[in-house]
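In the working numbering, the protein residues as written are 1434 to 1572.
We treat Cβ as the ideally placed atom computed from N, Cα and C, and that holds for glycine.
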């Protein structure tokens, strides 16, 4: 039978702790980075719809300009306000500006989206996102 001689320092406590540290991340590190990842994912889930609404409204405003020769300002405003309500954009009729000059139509809309977190019957405002849509084209 073969005899294996193991060095007495091979499995000392310092050697074992070094091996344990090299296995991977600790539970505390996993908790911290996991929490940070959860915050980033939650924030992205809350903020990305703001940008989707912005780009969708921008496209709707661009697509209505070629039809401006057959539509009156009241009809254009009514259609755009329908899209604003559909997209849940916090803007009213006063913020939508229509300007017709020399066979060109300029549409402007300025509004703010607020990212907040509900906490104990109130909202904590994290950030306010200002948006400005300004499109112009000939009809």
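Residue i: first and last residue of the uninterrupted beta strand (DSSP E) it sits in
i            : result
residue 1537 : 1537-1552
residue 1571 : 1555-1571
residue 1529 : 1529-1534
Proximity below 8 Å, CB of residue i to CB of residue j
i            : j            : result
residue 1548 : residue 1499 : no
residue 1538 : residue 1531 : yes
residue 1568 : residue 1463 : no
residue 1497 : residue 1513 : yes
With 16 other Cβ atoms within 10 Å as the buried cut-off, status of residue i
i            : result
residue 1376 : Here the chain covers residues 1434 to 1572 and nothing more, so residue 1376 does not appear.
residue 1544 : buried
residue 1559 : exposed
residue 1493 : buried
residue 1546 : buried
residue 1470 : exposed
residue 1540 : buried
residue 1529 : buried
residue 1458 : exposed
Residue i (DSSP reduced to helix, strand or coil)
i            : result
residue 1506 : helix
residue 1522 : coil
Residue i: first and last residue of the uninterrupted alpha helix (DSSP H) it sits in
i            : result
residue 1489 : 1460-1497
Residues of its chain near residue i, where Cβ-Cβ distance is below 6 Å and the 5 sequence neighbours each way are ignored
i            : result
residue 1491 : 1566
residue 1517 : 1524
Short CB-CB distance (under 8 Å) between residue i and chain B
i            : result
residue 1571 : Among the protein chains of the structure shown there is no chain B, as only one such chain exists.
8 Å CB neighbourhood of residue i in its chain, flanking five on each side removed
i            : result
residue 1550 : 1556, 1557, 1559
Own chain residues within Cβ distance below 7 Å of residue i, not counting five before or after
i            : result
residue 1501 : 1509, 1538, 1572
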